[in-house]
Each structure stands twice: as structure tokens, then as C-alpha cells.
């Protein structure tokens with residue numbers, strides 16, 4: 659099993675790689691990722707789409723979120739509800755339903771509607787590094803690991819990342835982790851086979 663020390667080194671290295679991408683490369687990559695997502699029929703067939711609102715050098719999801727809202731897709735974003743815990747909150751407007759929350763992450767207002775995670779059909783998840791089996795390394799807080807325990811087994815979980823964040827090496831999966839079902843990179847939509 660990969661130790662905590664190994665994972666913290668992996669996180670640091672992956673973050674350095676992502677932060678090292680030029681703003682232009684991140685902008686072009688984020689646009690391509692958004693296009694790949696919007697071209698997937700699953701998006702419009704989803705009851706609810708749960709996604710993060712990007713910060714720092716993450717794949718920029720703000721334009722994608724606006725596109726989904728413009729298409730009338732029911733959109734949820736995470737609200738930190740306690741240490742290592744988050745819940746899904748529905749937003750209908752990026753300007754009036756969102757504020758700067760803990761850790762500098764954009765968060766839904768407390769007045770937004772809480773959504774049962776079992777109603778979500780598609781999760782768009784961030785990550786620092788992904789492998790070819792869909793194993794994800796995040797920031798280490800366990801927020802997504804805990805949240806994904808509450809969604810249905812049949813849910814689609816797509817990892818959003820730049821090509822440089824996909825490794826050919828295998829990442830050891832911890833028992834509490836759930837693999838993504840697809841990766842969406844600037845190069846395309848990659849279905850993960852079980």
C-alpha cells in the first residue's frame with residue numbers, strides 16, 4: 659500500500675507540474691475539456707450534475723458551469739459542511755448563488771437547496787493525478803472520498819485533468835477510494851474499463 663509519505667510527495671510533485679503549465683496552456687486545455695464534456699450525451703440526460711468550481715491552477719470549470727446552467731441542466735457544487743465533509747448544493751446562478759468559502763474555494767450560499775447525493779447521475783471531480791485505472795489522488799483531505807460513499811453505485815464519475823496529470827504508473831488504491839469511470843483531458847474523453 660502506498661504510504662502517506664509517498665502520497666504527499668506525489669501530491670507535491672503533481673501540483674508542481676500542474677502549476678508549471680502556462681496560463682495559456684491551462685486556458686486552452688480547460689476549453690478543450692469543457693467541449694469534450696458538453697459533447698457527451700450523459701450530461702444532458704443527467705438528473706443532477708455535481709461539479710467543483712475551480713481555483714488556482716485547476717482545470718477551469720467556470721465557463722463549463724455557466725454553459726450547463728444555460729442549457730437548463732440542474733447543477734450542484736460542493737459545500738464544506740464539516741472537517742473532511744461536504745454536501746451537494748444546487749445553484750442556478752454563478753453570481754448570486756456562490757461566495758468565497760473556506761480555503762479560498764468558491765462555495766454555494768447557505769440558502770441554496772441541499773441535494774440528496776443519491777439523485778446525482780454525474781460527478782465531475784478534480785484531482786492532482788490520475789492513473790489509467792481511474793485511481794485519483796486529490797489534495798489529501800478526503801472530501802471526495804467521503805462524499806462518493808453517499809452516491810449510487812451506478813453513477814458516472816469523470817476526472818477532469820490536464821494531460822500532464824495522467825500517469826502511466828499504477829497508483830495503489832486505498833479501500834475507501836472510488837475510481838473515476840472516465841478521464842476528460844484536453845486530448846479527449848477516455849472511458850476507464852472496469
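Numbering (the numbering used here), first residue to last: 659 to 852. Cβ atoms here follow ideal geometry from the backbone N, Cα and C, with glycine treated the same way. For clarity, every value in this text was computed on a predicted model and none was experimentally measured.
Uninterrupted beta strand (DSSP E) stretches inside the segment 683-756 (no shorter than 3 residues):
The segment 683-756 contains these whole beta strand (DSSP E) runs: 707-709, 733-740, 743-749.
Given a cut-off of 7 Å on the beta-carbon distance, is the pair residue 755 and residue 749 in contact?
Yes.
Look up residue 836 in the DSSP assignment and say whether it is helix, strand or coil.
Three-state result, residue 836: coil.
Using DSSP's beta-bridge definition, name the partner residues of residue 772.
Looking at the DSSP output, residue 772 sits in a beta bridge with 747.
Residue 808 versus residue 775: straight-line alpha-carbon distance, rounded
A direct Cα-to-Cα measurement between residue 808 and residue 775 gives close to 6 Å.
Would residue 686 be called buried (16 or more neighbouring beta carbons within 10 Å of its own) or exposed?
Counting of Cβ neighbours within 10 angstroms places residue 686 among the exposed residues, the total staying below 16.
From this set, 802, 782, 819, 796, which residue's C-alpha is nearest residue 744's C-alpha?
Selection 802, 782, 819, 796 evaluated against residue 744 yields 802 as nearest (Cα-Cα).
Cβ of residue 788 within 7 Å of Cβ of residue 824?
Pairing residue 788 with residue 824 gives a Cβ-Cβ distance under 7 Å.
Option in 747, 785, 786 with minimal Cα separation from residue 767:
Selected option, being the one with the closest Cα: 747.
With a floor of 3 residues, list each beta strand (DSSP E) that falls wholly inside the segment 762-815, ordered by position along the chain.
Within the segment 762-815, the complete beta strand (DSSP E) runs of at least 3 residues are 764-766, 771-773, 780-783, 787-789.
Does DSSP classify residue 848 as helix, strand or coil?
Three-state result, residue 848: strand.
Sort 719, 815, 742 by Cα distance to residue 804 and report the nearest one.
Closest option to residue 804, Cα to Cα, is 742.
Are there three or more Cβ pairs, one per stretch, closer than 8 Å when the segment 691-701 is compared with the segment 669-682?
With contact defined as three or more Cβ pairs closer than 8 Å, the segment 691-701 and the segment 669-682 are not in contact.
Residues near residue 642 in its chain [Cβ-Cβ closer than 6 Å; skip 5 each side]:
Lying before the first or after the last residue shown, residue 642 is absent from the chain, which here runs from 659 to 852.
Same chain, Cβ closer than 8 Å to residue 850, neighbours up to 5 away in sequence not counted
Within the same chain, 790, 791, 792, 837, 838, 839, 840, 841 come within 8 Å of residue 850 by CB-CB distance, once the 5 residues on both sides are set aside.
In angstroms, rounded to a whole number, what distance separates the CA positions of residue 806 and residue 706?
Going by the C-alpha atoms only, they are around 14 Å apart.
Three Cβ pairs or more, each shorter than 8 Å: is that satisfied between the segment 675-685 and the segment 827-836?
Flag = no, the segment 675-685 and the segment 827-836 do not touch.
Secondary structure at residue 679, three-state DSSP: helix, strand or coil?
Secondary structure at residue 679: coil, using DSSP grouped into helix, strand and coil.
Just the C-alpha distance for residue 798 and residue 730, rounded to the nearest angstrom, thanks.
In this structure, the alpha-carbon of residue 798 lies about 33 Å from that of residue 730.
Just to confirm my understanding: we take residue 810, look at its own chain, exclude 5 residues before and 5 after, and list those with CB closer than 7 Å. What are they?
For residue 810, where only same-chain residues beyond five positions count, the Cβ hits under 7 Å are 776.
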